[in-house]
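Colleague: Residue numbers (our numbering): 5 to 42.
1) Beta-carbon separation of residue 28 and residue 14 under 8 angstroms?
2) Assign residue 31 to buried or exposed, taking buried as 16 or more other Cβ atoms, counted over all protein chains shown, within 10 Å of its Cβ.
3) Can you tell me whether residue 14 is helix, strand or coil according to DSSP?
4) Taking only three categories from DSSP, how would you classify residue 37?
As structure tokens, then:
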């Protein structure tokens, strides 16, 4: 399991997708729909 990100840490799309166990494309869609910051 990936380590937990700290509050000040900025993650890449790849890191976020691995952490949330979704595809990178899903991360882009979530950000575009304002469901996650981006």
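Note that beta-carbon positions come from the ideal geometry of N, C-alpha and C, so glycine has one too.
Modeller: On the basis of the data shown:
1) no
2) buried
3) coil
4) coil
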